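If you count by full-length UniProt numbering, then the sequence shown holds residues 12 to 489, one letter each, in order. Note that CB positions come from ideal geometry on N, CA and C, so glycine has one too. In this text, all values refer to a predicted model and were calculated from it rather than measured experimentally. Everything on this sheet refers to the single structure shown next.
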Amino acid sequence: DGEVFKYYSEGEWKKSSSGKSVPIINPTTRKTHFKVQACTQEEVNKVMDTAKIAQKLWAKTPLWKRAELLHKAAAILKEHKAPIAKCLVKEIAKPAKDAVSEVVRSGDLISYTAEEGVRILGEGKFLTSDSFPGNERSKYCLVSKIPLGVVLAIPPFNYPVNLAVSKIGPALIAGNSIVLKPPTQGAVAALHMVHCFHLAGFPKGLISCVTGKGSEIGDFLTMHPGVNCISFTGGDTGIAISKKAGMIPLQMELGGKDACIVLEDADLDLVTANIVKGGFSYSGQRCTAVKVVLAMESITDALVEKVNAKVAKLSVGPPEDDCDITPVVSESSANFIEGLVKDAKQKGATFCQEYKREGNLIWPLLLDNVRPDMRIAWEEPFGPVLPVIRINSVEEGIHHCNASNFGLQGCVFTRDIDKAMLISDAMETGTVQINSAPARGPDHFPFQGLRDSGIGSQGVTNSIEMMTKIKTTVINLP
Ligand code: G3P
Numbered sequence: 012d013g014e015v016f017k018y019y020s021e022g023e024w025k026k027s028s029s030g031k032s033v034p035i036i037n038p039t040t041r042k043t044h045f046k047v048q049a050c051t052q053e054e055v056n057k058v059m060d061t062a063k064i065a066q067k068l069w070a071k072t073p074l075w076k077r078a079e080l081l082h083k084a085a086a087i088l089k090e091h092k093a094p095i096a097k098c099l100v101k102e103i104a105k106p107a108k109d110a111v112s113e114v115v116r117s118g119d120l121i122s123y124t125a126e127e128g129v130r131i132l133g134e135g136k137f138l139t140s141d142s143f144p145g146n147e148r149s150k151y152c153l154v155s156k157i158p159l160g161v162v163l164a165i166p167p168f169n170y171p172v173n174l175a176v177s178k179i180g181p182a183l184i185a186g187n188s189i190v191l192k193p194p195t196q197g198a199v200a201a202l203h204m205v206h207c208f209h210l211a212g213f214p215k216g217l218i219s220c221v222t223g224k225g226s227e228i229g230d231f232l233t234m235h236p237g238v239n240c241i242s243f244t245g246g247d248t249g250i251a252i253s254k255k256a257g258m259i260p261l262q263m264e265l266g267g268k269d270a271c272i273v274l275e276d277a278d279l280d281l282v283t284a285n286i287v288k289g290g291f292s293y294s295g296q297r298c299t300a301v302k303v304v305l306a307m308e309s310i311t312d313a314l315v316e317k318v319n320a321k322v323a324k325l326s327v328g329p330p331e332d333d334c335d336i337t338p339v340v341s342e343s344s345a346n347f348i349e350g351l352v353k354d355a356k357q358k359g360a361t362f363c364q365e366y367k368r369e370g371n372l373i374w375p376l377l378l379d380n381v382r383p384d385m386r387i388a389w390e391e392p393f394g395p396v397l398p399v400i401r402i403n404s405v406e407e408g409i410h411h412c413n414a415s416n417f418g419l420q421g422c423v424f425t426r427d428i429d430k431a432m433l434i435s436d437a438m439e440t441g442t443v444q445i446n447s448a449p450a451r452g453p454d455h456f457p458f459q460g461l462r463d464s465g466i467g468s469q470g471v472t473n474s475i476e477m478m479t480k481i482k483t484t485v486i487n488l489p
């Protein structure tokens with residue numbers, strides 16, 4: 012009680028000189044559960060300086076040694092899964108089992124990254140000059156990959172651990188240093204995760220974790236001249252960051268409005284299972300959640316009936332009880348979701364369930380007969396509310412999907428694989444899932460969004476590549 016979790020700088024746990032803290036509100040109780048340090052700009056400067064120095068030595072550390080330390084951190088992280096998961100339950104109301112899965116998945120991701128890194132970074136390319144017109148075989152070009160320097164990692168509240176290590180792992184194996192700014196909700200879970208890296212024995216200053224208010228250190232971090240790469244996952248803030256950041260590589264995963272297109276010949280039980288899991292797991296607070304169902308008119312009645320039957324079975328309550336639907340992350344988020352629901356009500360959407368809210372807890376809700384003039388047809392609620400738009404042709408569905416500002420993922424359900432492939436080609440999203448709900452994982456698959464959904468591509472291999480630069484050395488023969 013009253014304890015303020017320390018931040019991590021120069022390999023040590025420190026109190027901020029600001030003397031201030033930032034409260035972390037438990038979404039379930041809506042009371043302050045933890046407090047973290049409100050770091051100052053001077054403390055950010057210090058972290059950047061040490062990150063720069065530590066990186067130079069780290070880049071010279073043999074690749075196998077970097078991998079060995081990452082494997083060690085992965086093992087320690089898995090050993091600490093229970094206390095970290097407990098933080099996730101209290102800070103972001105993630106259902107208990109999912110919280111444990113997030114930590115285990117993170118350990119696996121780190122190990123996979125270490126293995127992938129030793130392979131892809133351990134080999135380069137060799138070119139000769141005589142393939143280009145007019146050249147003799149007089150120049151040999153050696154191509155290798157070098158680190159970028161200091162990587163700033165900013166993960167979101169919905170995966171404070173997993174989306175942190177998906178940045179930290181690739182950055183470190185590639186020889187970069189890391190400055191982590193965790194989301195406030197989830198900061199203690201992230202600090203605990205950083206502690207696992209500390210226990211693994213990484214060099215001092217290579218990894219730092221600063222906490223604090225976005226208004227105080229957010230822009231200061233993202234615009235800091237010491238940062239050589241930003242990897243960000245989150246909402247609109249990413250668009251603002253991309254406008255302010257310097258001439259450095261950016262990796263951004265922002266929002267999504269993932270569409271689920273359902274054709275007449277689809278297996279409706281399969282669709283139902285995927286809509287419920289895809290739309291409502293972690294109460295819809297995933298960028299890859301199914302956020303709009305575009306169903307052919309002729310099968311929509313049957314589909315909605317099946318989905319309603321499954322929605323009725325979802326348990327609603329506290330994350331400690333491992334309920335399916337748990338309180339959304341904050342009061343402002345709940346208010347935003349409610350705004351979308353009210354707008355849909357006013358414009359005549361069919362409520363398949365009664366709208367019910369207690370504090371931050373919102374009961375799962377399917378909205379049928381949603382039309383394009385409703386906000387929920389386009390905006391992402393990041394909550395357990397799912398709109399269904401009835402379509403009369405596949406083209407109508409594709410058009411809706413492509414008219415969105417977002418272009419993260421989408422899915423199509425049909426037994427006709429030829430049609431599915433054509434629809435996949437026509438959908439302007441980073442990924443199209445055929446006969447399954449959108450998802451980022453497995454974590455080595457490429458993951459990217461078009462338009463406002465992001466910049467660059469993630470997934471273990473792509474992130475490692477993205478956090479390196481090509482270096483060439485040319486040998487000129489006499
Ligand atoms: O919302 C973050 C996004 O990366 C989702 O990941 O694993 O739930 O598909 P996942």
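Within the stretch 152 to 215, the beta strand (DSSP E) runs of at least 3 residues that lie entirely inside it are, in chain order, 161 to 165 and 188 to 191. In this structure, Val301 is the residue among Gly266, Met307 and Val301 with its C-alpha nearest to the C-alpha of Leu377. Counting only runs of 3+ residues, the beta strand (DSSP E) found wholly inside the stretch 394 to 445 occupies 396 to 402, 420 to 424 and 442 to 445, in chain order.
In the structure shown, Glu264 falls within a strand segment according to DSSP collapsed to helix, strand and coil. In the same chain as Ser253, and ignoring 5 residues on each side of it, the C-beta atoms closer than 7 Å to its own belong to Leu261, Met263 and Ile466, in chain order. Checking the 8 Å criterion, the Cβ of Ala450 is within range of a heavy atom belonging to the ligand G3P. For His82, the enclosing alpha helix (DSSP H) begins and ends at Leu74 to Glu90.
Collapsing the DSSP output to three states places Val273 in a strand. Considering only Asn371, Phe393, Lys353 and Trp374, the residue with the shortest C-alpha distance to Val381 is Lys353.
Distance check between Glu365 and each of Lys358, Gln357 and Trp374 places Trp374 closest, using alpha-carbon atoms only.
Between the ligand G3P and Tyr123, a heavy atom-to-CB distance of less than 8 Å is absent. Cys298 counts as buried, since at least 16 other C-beta atoms from the protein chains shown sit within 10 angstroms of its C-beta. With 16 or more other Cβ atoms inside 10 Å of its own Cβ, Phe393 counts as buried. Look at the beta carbons and you see the stretch 153 to 169 touching the stretch 235 to 254: at least three pairs across the two are nearer than 8 Å.
Within the same chain, His82 and Ala85 come within 6 Å of Ser122 by CB-CB distance, once the 5 residues on both sides are set aside.
Between Tyr19 and Leu210, the CB-CB gap reaches or exceeds 9 Å.
The alpha-carbon of Ile310 is positioned some 30 Å away from that of Gly460. DSSP places Thr484 in no alpha helix (DSSP H) but in the uninterrupted beta strand (DSSP E) bounded by Thr479 to Asn487. Pairing Ala345 with Asn319 gives a Cβ-Cβ distance that is not under 9 Å. Partner residues in the beta bridge of Gly465, as assigned by DSSP, are Glu264. Bounds of the alpha helix (DSSP H) holding Phe291 are Leu279 to Phe291. With respect to the C-alpha of Phe208, the residue from Leu153, Leu80 and Lys156 having the closest C-alpha is Leu80.
By a beta-carbon distance limit of 8 Å, Gln66 does not contact Asn146. Their separation comes to about 37 Å.
A straight line joining the alpha-carbon of Phe16 with that of Lys63 spans about 25 Å. For Thr43, the uninterrupted beta strand (DSSP E) run begins and ends at Thr43 to Gln48, by DSSP.
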